[in-house]
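**Student:** Each residue of the sequence shown is one higher than the one before, starting from 0 at the first, in numbering that gives the first Met the number 0.
Glycine included, each C-beta is placed from N, C-alpha and C at the ideal position.
Because the structure is a prediction, the values reported are computed rather than measured.
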Amino acid sequence: MKTRLDVACVEHDLFESREKALRAIMAGLVTVNGRPADKAGQQVRETDIIELIRNDCPYVSRGGIKLKGALDVFKTPVKGRVCLDIGVATGGFTDCFLQEGAARVYAVDVGEGQLHEKMKTHPQVVFMPQTNARFLKPEMFPEKPELCAIDVSFISLKLILGPVLSVMAPGGEVIALVKPQFELQAKDLRKGIVKDEPTRLGVMDDLRTFLKTSLPGTLEKGLIDSPLRGAKGNLEFLWLLSAPGNERLDAAR
């Protein structure tokens, strides 16, 4: 399946909008499989490698900046922990985990072609392509992840959180990027953008209700607005959760 280059740049989280991607492409700052691209409408495959010639981002994609913001605000330790990246795509979250000292990162994605070569070949990254997070099982991991970050699109977190929590270590932490546009119905959006702030905040009320009724023992530990806006300018949340098992860990201390 092919898609436009400017659209793919946004999907890979290299830019927050097609307009910014277009400007970079026209300036000759985007390459496809190592060759400069000059047309935003160029058709690219999922397996094509899209990179920026000049990139001020410290990670392989903007996603790393989002996760770093959450780690800093929540004061979540990464060093020495086994991490899980759900919806790895280009690998911004994985890159952030590694730069923060993760012992290992299991990188899960339903696709297979977007992960940056730097991440794909990193000795501490276990890439799990063509893996649907809705069907995760504990036996898929030789060690239990202690920290997870989730960044998925076109699907509600309600379908992802249960399977993810089932593979986590007791008391493990999950930082989920909440994209309101994928938690709402079409009537609540205007050209893919959440209509208003009350509607956006209502998404979290709905997710909290889901947490209490469907994921007993899972605790909310923090919530912030993402430091960067998502596609089309939507303001997203970063939600910190704790998997069931804290009480056992506390008793052991």
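Comparing C-alpha positions only, which one of 224, 233 and 172 sits nearest to residue 218?
**Tutor:** It is 172 whose Cα lies nearest to the Cα of residue 218.
**Student:** What is the C-beta distance between residue 111 and residue 128, in whole angstroms, given that I count them as a contact (C-beta under 8 angstroms)?
**Tutor:** Confirmed, Cβ separation roughly 4 angstroms.
**Student:** Span of the beta strand (DSSP E) holding residue 147?
**Tutor:** Looking at the DSSP string, the run of the beta strand (DSSP E) that includes residue 147 is 146–149.
**Student:** What are the residues that DSSP puts in a beta bridge with residue 82?
**Tutor:** Answer by DSSP bridge pairing, in chain order: 104 and 146.
**Student:** Tell me whether residue 253 is buried or exposed, calling it buried when 16 or more other Cβ atoms sit within 10 Å of its Cβ.
**Tutor:** Since the first and last residues shown for the chain are 0 and 252, residue 253 lies out of range.
**Student:** How close, in whole Å, do the beta carbons of residue 15 and residue 230 come, if the pair is a contact with beta carbons under 8 angstroms?
**Tutor:** That pair is a contact at about 7 angstroms.
**Student:** Determine whether the beta carbon atoms of residue 62 and residue 5 lie at a separation below 8 angstroms.
**Tutor:** No, they are not a contact pair.
**Student:** Check each candidate in 196, 156 and 146 and name the one with the smallest Cα separation from residue 170.
**Tutor:** It is 146.
**Student:** Would you say residue 162 and residue 132 are within 8 angstroms of each other, going by their C-beta atoms?
**Tutor:** In contact: residue 162 and residue 132 (Cβ atoms closer than 8 angstroms).
**Student:** Mind checking which residues open and close the beta strand (DSSP E) that includes residue 1?
**Tutor:** Per DSSP, residue 1 belongs to the beta strand (DSSP E) from 1–3.
**Student:** Looking at the structure shown, is residue 162 part of a helix, part of a strand, or coil, going by DSSP?
**Tutor:** Three-state result, residue 162: helix.
**Student:** I need the straight-line Cα distance from residue 195 to residue 120, nearest angstrom please.
**Tutor:** Between residue 195 and residue 120, the C-alpha separation is close to 42 angstroms.
**Student:** So, for residue 209: in the same chain, excluding its five sequence neighbours on each side, which residues have a beta-carbon less than 6 angstroms away from its beta-carbon?
**Tutor:** So the list reads 157, once near-sequence residues are dropped.
**Student:** Is the separation between the beta-carbon of residue 88 and that of residue 12 shorter than 8 angstroms?
**Tutor:** Yes, Cβ-Cβ distance for residue 88 and residue 12 is below 8 angstroms.
**Student:** Determine the extent of the alpha helix (DSSP H) in which residue 68 is found, giving its start and end residues.
**Tutor:** It spans 62–73 - the alpha helix (DSSP H) in which residue 68 sits, taken as one unbroken run.
**Student:** If I measure Cβ to Cβ from residue 198 and keep anything under 8 angstroms in the same chain, skipping five residues before and after, which residues do I get?
**Tutor:** Only 179, 183 and 187 meet the Cβ criterion.
**Student:** Going by DSSP, what residue range makes up the alpha helix (DSSP H) through residue 203?
**Tutor:** Unbroken alpha helix (DSSP H) run through residue 203: 196–213.
**Student:** Do residue 137 and residue 165 have their CB atoms nearer than 8 angstroms?
**Tutor:** In this structure, residue 165 lies closer than 8 angstroms to residue 137 by Cβ.
**Student:** How close, in whole Å, do the beta carbons of residue 114 and residue 126 come, if the pair is a contact with beta carbons under 8 angstroms?
**Tutor:** The pair is a contact, with the Cβ atoms about 6 angstroms apart (cut-off 8 angstroms).
**Student:** Indicate whether residue 24 and residue 7 have their beta-carbon atoms separated by less than 8 angstroms.
**Tutor:** No; because the gap between Cβ atoms is not below 8 angstroms, this pair is not in contact.
**Student:** For residue 73 versus residue 221, is the C-beta distance shorter than 8 angstroms?
**Tutor:** Yes, they are a contact pair.
**Student:** What residues match up with residue 6 in a beta bridge as DSSP calls it?
**Tutor:** The partner list for residue 6 (beta bridge, DSSP) is empty, contrary to what the question assumes.
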